[in-house]
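In the working numbering, the protein residues as written are 14 to 368. Glycine is no exception: its CB is placed at the ideal position from the N, C-alpha and C atoms. Computed from a predicted structure; not experimentally measured. Right, one structure below, let's go through it.
Here it is, written out as structure tokens:
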């Protein structure tokens with residue numbers, strides 16, 4: 014039993030925590046750079062961002078190998094494995110990287126420094142195992158995540174109140190899980206922009222609900238973990254990624270309740286009360302407050318006539334609603350729900366401490 018606990022800690026705490034850092038250091042920071050590239054005369058930021066985003070798979074796999082204390086050759090070889098798994102896994106790329114990189118790294122460690130031709134054998138075994146699994150397994154992981162995407166797509170066409178709850182909660186959960194909520198939203202084209210195929214008001218409303226759910230997760234965790242992580246945690250989770258909490262969620266799943274309940278409230282409020290609609294880039298619907306790209310994408314959609322915005326007239330209600338849904342309410346609601354959970358003894362100080 015003790016052996017099992019050590020393995021679970023090794024893979025689902027250490028490795029997953031490191032993977033979140035690798036994701037932030039590549040895909041997420043690259044997305045932030047891309048957003049900076051929208052500033053006039055700062056297009057070079059976009060070029061930097063694209064290069065960083067392209068390295069998401071290698072960065073996550075190398076981070077996993079490093080956390081498992083793999084030998085240098087295994088760490089370097091893991092980068093190739095991560096690139097293959099992430100590319101072939103589609104929207105489930107990060108999840109594919111997680112499982113495949115662990116197996117490839119452990120296999121690489123079995124032969125590392127065991128022969129006189131280590132420089133050949135170790136990378137050969139690591140890349141062979143990881144590459145083969147990427148071809149055989151990663152597409153199936155992508156297919157499984159595709160079912161989640163199909164469910165979100167179905168929910169997008171339900172009554173606004175019901176849709177607001179389902180899309181906000183599910184996309185928000187996807188944001189925190191090691192799968193790509195941004196890729197899911199982009200694939201479903203959750204925007205009403207005329208530049209998007211199959212654009213419609215329904216997709217624009219669903220995009221707004223998705224933004225609300227993602228913001229609820231990120232701002233919510235940043236707020237309720239302030240005791241443990243301080244302002245550094247606010248920045249890393251509120252502007253970075255709530256996926257940093259995944260190791261803690263696996264230890265104490267109840268810490269996920271407060272942000273998820275908050276998303277179930279902010280989603281329908283966004284679409285039924287504040288008439289928020291997403292006419293920016295569909296990928297921004299799944300970004301939340303990462304680099305502030307969720308709300309920025311919504312505002313850019315409002316202001317850019319090229320997108321063909323035809324939602325409700327943008328007035329004080331929309332601007333106030335955007336601030337409330339993306340920042341104020343996620344923090345307030347998550348705090349209140351978390352305090353109730355603390356009083357019940359379900360959540361305790363230290364449960365959300367980031368390593």
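Considering only the alpha carbon of each residue, which of the options lies closest to residue i?
i, options, result
"residue 141", "178, 104 and 94", "94"
"residue 240", "112, 117, 47 and 355", "355"
"residue 286", "173, 259 and 261", "173"
"residue 364", "222, 291 and 266", "266"
"residue 113", "288, 150, 131 and 84", "150"
"residue 204", "18, 133, 291 and 258", "291"
"residue 118", "102, 133, 127 and 90", "90"
"residue 304", "77, 201, 45 and 315", "45"
"residue 167", "129, 180 and 264", "180"
"residue 347", "276, 331 and 22", "276"
"residue 345", "101, 100 and 272", "272"
"residue 24", "165, 110 and 99", "110"
"residue 324", "63, 99 and 289", "289"
"residue 65", "37, 368 and 183", "37"
"residue 197", "215, 249, 300 and 367", "300"
"residue 21", "69, 264 and 242", "264"
"residue 206", "328, 317 and 87", "317"
"residue 351", "85, 234, 74 and 67", "234"
"residue 115", "58, 81 and 130", "81"
"residue 28", "78, 308, 358 and 56", "78"
"residue 132", "238, 18, 88 and 244", "88"
"residue 252", "270, 236, 259 and 302", "302"
"residue 237", "353, 31 and 41", "353"
"residue 283", "176, 247, 306 and 194", "176"
Quick one: grab the DSSP three-state call for residue i.
i, result
"residue 25", "helix"
"residue 112", "helix"
"residue 171", "coil"
"residue 44", "helix"
"residue 325", "coil"
"residue 211", "The pLDDT assigned to residue 211 is 48, lower than 50, so where the model puts this residue is not dependable, and the model offers no usable value."
"residue 206", "coil"
"residue 368", "coil"
"residue 359", "coil"
"residue 119", "helix"
"residue 301", "coil"
"residue 73", "helix"
"residue 163", "helix"
"residue 56", "coil"
"residue 127", "coil"
"residue 82", "coil"
"residue 176", "helix"
"residue 30", "helix"
"residue 50", "coil"
"residue 343", "helix"
"residue 190", "coil"
How would you write the range of the alpha helix (DSSP H) that residue i sits in, first residue to last?
i, result
"residue 220", "214-237"
"residue 103", "Element bounds for residue 103: n/a, residue is neither H nor E."
"residue 146", "131-149"
"residue 307", "306-316"
"residue 198", "194-201"
Would you grab the beta carbon distance between residue i and residue j for me? Rounded to a whole angstrom, and I think it's under 8 Å.
i, j, result
"residue 135", "residue 125", "5 Å"
"residue 158", "residue 105", "3 Å"
"residue 191", "residue 256", "6 Å"
"residue 187", "residue 338", "In fact, because the Cβ distance is near 18 Å, the residues do not count as touching under 8 Å."
"residue 310", "residue 336", "Contact flag wrong, Cβ pair sits at about 15 Å."
"residue 226", "residue 280", "6 Å"
"residue 155", "residue 103", "3 Å"
"residue 143", "residue 76", "Their Cβ separation, rounded to whole angstroms, is 15 Å, which puts residue 143 and residue 76 out of contact at 8 Å."
"residue 328", "residue 322", "Not quite, the Cβ-Cβ distance comes to about 13 Å (not below 8 Å), so this is no contact."
"residue 107", "residue 99", "7 Å"
"residue 298", "residue 224", "6 Å"
In chain order, which continuous runs of the alpha helix (DSSP H) of length 4 or greater are located wholly inside the stretch 241-296?
-> Considered as a whole, the stretch 241-296 harbours 259-264 and 270-281 as its complete alpha helix (DSSP H) runs of no fewer than 4 residues, in chain order.
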